[in-house]
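Engineer:
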Amino acid sequence: LGRRDVFKWQLQKYNEKTGNWEVVQEGGRPGSSGTITTKPVGEGQYRFEFLVDDRSSSSNYKVYIDDVTLLSSGNPSDWREENKVDIVNTTISGNSVFGDGGGIANYGGRVNLINATVTDNYSQFGSGITQRYSADAEMTISRSIVSGNGHEIAIHLGTVMADDHNVFGHAGLTSAAAFTNFTPGASDVTATSDGTAPTALAAILDPALADNGGPTLTHNLVDNSPAVDLAPNAGCAADPVAGGDQRGET
Numbered sequence: 051l052g053r054r055d056v057f058k059w060q061l062q063k064y065n066e067k068t069g070n071w072e073v074v075q076e077g078g079r080p081g082s083s084g085t086i087t088t089k090p091v092g093e094g095q096y097r098f099e100f101l102v103d104d105r106s107s108s109s110n111y112k113v114y115i116d117d118v119t120l121l122s123s124g125n126p127s128d129w130r131e132e133n134k135v136d137i138v139n140t141t142i143s144g145n146s147v148f149g150d151g152g153g154i155a156n157y158g159g160r161v162n163l164i165n166a167t168v169t170d171n172y173s174q175f176g177s178g179i180t181q182r183y184s185a186d187a188e189m190t191i192s193r194s195i196v197s198g199n200g201h202e203i204a205i206h207l208g209t210v211m212a213d214d215h216n217v218f219g220h221a222g223l224t225s226a227a228a229f230t231n232f233t234p235g236a237s238d239v240t241a242t243s244d245g246t247a248p249t250a251l252a253a254i255l256d257p258a259l260a261d262n263g264g265p266t267l268t269h270n271l272v273d274n275s276p277a278v279d280l281a282p283n284a285g286c287a288a289d290p291v292a293g294g295d296q297r298g299e300t
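Each residue of the sequence shown is one higher than the last, beginning at 51 in our numbering.
1. Count Cβ pairs between the region 221-236 and the region 197-211 that sit closer than 8 Å; are there 3 or more?
2. Consult DSSP for Ala221 and reduce its assignment to one of helix, strand or coil.
3. Along the beta strand (DSSP E) that carries Ile203, what are the first and last residues, could you check?
4. Is Ala260 helix, strand or coil by DSSP?
5. Would you report the Cα separation of Ser184 and Gly245, rounded to the nearest angstrom?
6. What did DSSP end up calling Leu251 once you bin it into helix, strand or coil?
7. Taking just the CA atoms, how far does Asp279 sit from Leu223?
8. Counting C-beta neighbours from all protein chains within 10 Å, is the total for Asp170 16 or more, i.e. buried, or is it exposed?
9. Look at the alpha carbon of Pro234 and the alpha carbon of Trp71, and state the distance between them as a whole number of angstroms.
10. Could you give the distance in angstroms between the alpha-carbon of Lys58 and the alpha-carbon of Glu76?
11. CB-CB under 6 Å to Ile154, same chain, minus the five flanking residues each way: which ones, in chain order?
12. Compute the distance between the beta-carbons of Ser237 and Leu255, then report whether it is under 8 Å.
13. When you compare each of Leu267, Val74, Ala166 to Phe218 by their alpha carbons, which one comes out closest?
14. Report the residue from Gln62, His220, Asp150 whose alpha carbon sits nearest the alpha carbon of Gln174.
15. With distances taken between CB atoms, is the gap from Ser197 to Ala241 smaller than 8 Å?
16. Under the three-state reduction of DSSP, which class applies to Ala155: helix, strand or coil?
17. DSSP on Asn283, reduced to helix/strand/coil?
18. In whole angstroms, what separates the C-alpha of Met189 from that of Gln60?
19. Taking the beta strand (DSSP E) that Lys67 belongs to, which residues open and close that run?
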C-alpha cells in the first residue's frame with residue numbers, strides 16, 4: 051500500500067434468517083502494515099472483507115476470506131453472556147404481531163423466564179413464546195405462567211428447559227393445540243384439557259390486566275389457582291427474586 055492508501059476491513063456474519071451477510075465489526079487505517087484485532091464473537095459462519103482504497107488511482111479493491119467458521123473466540127462464555135436476557139417478576143400481556151412470537155420471540159439468544167406471567171398475547175405462530183432460526187437458542191422457564199395466549203409455546207430450534215413449577219396452557223386448548231415441540235416437565239402444571247390438571251383460564255388468573263398494587267399492572271391470581279403456592283419457598287427466596295413479587299410484596 052502507498053502511504054496515502056487506506057486499508058479497511060469488515061467482519062461479517064451470515065444471517066440465516068435473512069440470507070444476508072451482516073457487518074458485526076469493522077476497522078481500518080492508512081499505511082502498509084498493521085494488526086487486525088476483533089472482539090470476541092459468537093458461534094456462526096463469518097467472512098472477512100478487505101478493502102483497499104487506492105487514493106492514487108481512485109480505485110477500490112475488495113478481497114474476501116470466506117467460509118470462516120468460529121467455534122469460540124476468547125472466553126467461550128463471553129458471547130453467550132452478551133446474548134442473554136433475564137425476564138424476572140414481569141408480566142408480558144396484550145401484545146399482537148403478524149408472524150410469530152406475540153409475547154416472546156427468541157431467535158438465537160439465551161432467555162431466562164423467572165417468576166413471570168405471559169398471557170393475552172397473539173400471533174400466527176407461538177402466540178405466547180416462540181423460538182426459531184438458530185440451534186443455539188436456549189430458554190429456561192422457572193416458576194412462571196404461560197397461559198391464555200392464542201397458541202402458548204412453539205419451539206422450532208434450540209432447547210427449552212422447564213420442569214420448574216410452571217403453569218402451562220388452559221382447559222380451552224388441548225396440549226396439541228397449545229404446544230409445538232414442547233412438553234411440560236413433571237413439576238409443572240399442564241392445565242390443558244388433556245393435561246395433568248385441566249383448568250379454565252379464569253380459574254388460573256384474572257384475564258384483566260389491572261392495578262393490583264405496585265408500580266406496574268398485573269394479572270391477579272384467583273382463589274384456588276394452581277399457581278398459588280406452587281413454587282418452593284427456597285426458589286422464591288433466592289436471587290434474582292429475593293422473596294418479592296412483581297408488586298414488591300413478599
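Quick reminder that beta carbons are idealized off the backbone N, C-alpha and C, glycines included.
Predicted model, so just to flag it, every value in this text is computed and none were measured.
Structural biologist: Looking at the coordinates:
1. yes
2. Locating residue 221 in the sequence shown gives position 171, counting from the first residue. Correct three-state label for Ala221: coil.
3. Along the sequence shown, one-based indexing puts residue 203 at 153. Here the beta strand (DSSP E) through Ile203 covers 203-205.
4. Residue 260 sits at position 210 when you count from the first residue of the sequence shown. Strand, per DSSP.
5. Here the question's residue 184 lines up with position 134 in the sequence shown. Here the question's residue 245 lines up with position 195 in the sequence shown. Near 29 Å, if we compare the C-alpha coordinates of Gly245 and Ser184.
6. Start at 1 with the first residue of the sequence shown, and residue 251 comes out as number 201. In the structure shown, Leu251 falls within a helical segment according to DSSP collapsed to helix, strand and coil.
7. Numbered from its first residue, the sequence shown carries residue 223 at position 173. Numbered from its first residue, the sequence shown carries residue 279 at position 229. Rounded to the nearest angstrom, the two C-alpha atoms are 24 Å apart.
8. Working through the sequence shown from its first residue, we reach residue 170 at position 120. Counting Cβ neighbours within 10 Å, Asp170 comes out buried, since at least 16 surround it.
9. Within the sequence shown, residue 234 is the residue found at index 184, counting from 1. Within the sequence shown, residue 71 is the residue found at index 21, counting from 1. Distance between the alpha carbons of Pro234 and Trp71: 37 Å.
10. Along the sequence shown, read from residue 1 onward, the residue named residue 58 stands at position 8. Along the sequence shown, read from residue 1 onward, the residue named residue 76 stands at position 26. Taken atom to atom, the span from the alpha-carbon of Lys58 to that of Glu76 is near 8 Å.
11. Translated into positions along the sequence shown, residue 154 becomes position 104. So the qualifying residues of the chain are Ile179.
12. The sequence position of residue 237 within the sequence shown is 187, counting from 1. The sequence position of residue 255 within the sequence shown is 205, counting from 1. No. Outside cutoff.
13. Taking the sequence shown and counting its residues from 1, the one referred to as residue 218 is at position 168. When only C-alpha atoms are compared, the closest one is Ala166.
14. In the sequence shown, counting from the first residue as 1, residue 174 sits at position 124. Residue Asp150 holds the alpha-carbon nearest to the alpha-carbon of Gln174 among Gln62, His220, Asp150.
15. Position 147 of the sequence shown, counted from the first residue, corresponds to residue 197. Position 191 of the sequence shown, counted from the first residue, corresponds to residue 241. Going by C-beta atoms, Ser197 is nearer than 8 Å to Ala241.
16. For this step, residue 155 is matched to residue 105 along the sequence shown. Of the three classes helix, strand and coil, the one that applies to Ala155 here is strand, per DSSP.
17. Against the sequence shown, residue 283 aligns to sequence position 233. Reduced to three states, the DSSP call for Asn283 is helix.
18. If you number the sequence shown from 1, residue 189 lands on position 139. If you number the sequence shown from 1, residue 60 lands on position 10. If I take the Cα positions, the gap works out to 31 Å.
19. In the sequence shown, counting from the first residue as 1, residue 67 sits at position 17. Going by DSSP, Lys67 is part of no beta strand (DSSP E) at all; its letter is neither H nor E.
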